[in-house]
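In this note's numbering, the protein residues as written are 42 to 234.
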Amino acid sequence: MEVMMKKFQQKYRRIRDEMDRWDELQSCLLSQFVNASSIINRLEVLRDTKNYGILGSVDGIRETLLGKQMEALEMSFCSMKEAMKEFHNIVISFEKIARDGSQLLRGGTISTAQKQLRIGIWPSLTECVDHLQTIHEMHQSEYLLKSSIVSSLTWNCSGTDIAALHQLLVDQPNISTHEVQSIFDTVFAEEIC
């Protein structure tokens, strides 16, 4: 049992590493989203010729500025798309770790009763598998939400829409940090004590 638990702890360490990478990507995605949002807000101002004052007499200034902003917006969209690919890779990694944990439990010679047995402060092996699956499902749901948010951000979004999308992106409502921390506290209880 102890050997199996150590193997599960290794899987949870990999999960924790991937979650650290997720957090880094979250910061990058938020920054890219804010940049894109700022550009979108500027586009509205740049489209109105009244906002150019004396510069309105400069030949092609409006088109040039709009063109440059659209290029910058396209670059922001591409950066967000790349970040989403990385989020997807992390979700795939979580799925593989959860599947490997499940196979580890099925492949052993441990009885069903032993799989559900808690020894000391350790969770049962069944709980370890269930928790891996829970973490995967949380992040998969959050990835799908992020994907939807990023694809909803377009150059013609209103300020209200952008604010709502930004708040959803910040909140990450599908990932319960309390639940995830509780899982890690349970799996690594002996290290905490």
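Positions of the beta carbon are idealized from the N, C-alpha and C atoms, including for glycine.
Cutoff 6 Å; reference Gly94; Cβ partners in own chain excluding five residues on either side: none
Beta-carbon proximity of Lys156 to Ser165, cut-off 8 Å: yes
Residues near Ala230 in its chain [Cβ-Cβ closer than 6 Å; skip 5 each side]: Ile162
Cβ-based burial, Val211 [other Cβ within 10 Å; buried from 16]: exposed
Cut-off 8 Å between Cβ atoms - residues of its own chain near Leu84, not counting five sequence neighbours on either side: Leu107, Gln110, Met111, Leu114, Trp196
Candidates Thr227, Ser120, Arg88, Lys137, of which the one nearest Ser68 by Cα: Ser120
Candidates Ile203, Gly97, Gln174: closest to Glu220 by CA position: Gln174
Backbone CA spacing between Glu5 and Gly101 [nearest angstrom]: Residue 5 lies beyond the stretch modelled for the chain, which goes from 42 to 234, so this question has no answer here.
Cα-Cα separation between Ser235 and Arg57, rounded to whole angstroms: Any answer about residue 235 is impossible in this case: the structure gives the chain only from 42 up to 234.
Contacting residues, own chain, Cβ-Cβ under 6 Å from Gln73 (five flanking each side not counted): Ser117, Ser120, Met121
For Asn215, the three-state DSSP class (helix, strand or coil): coil
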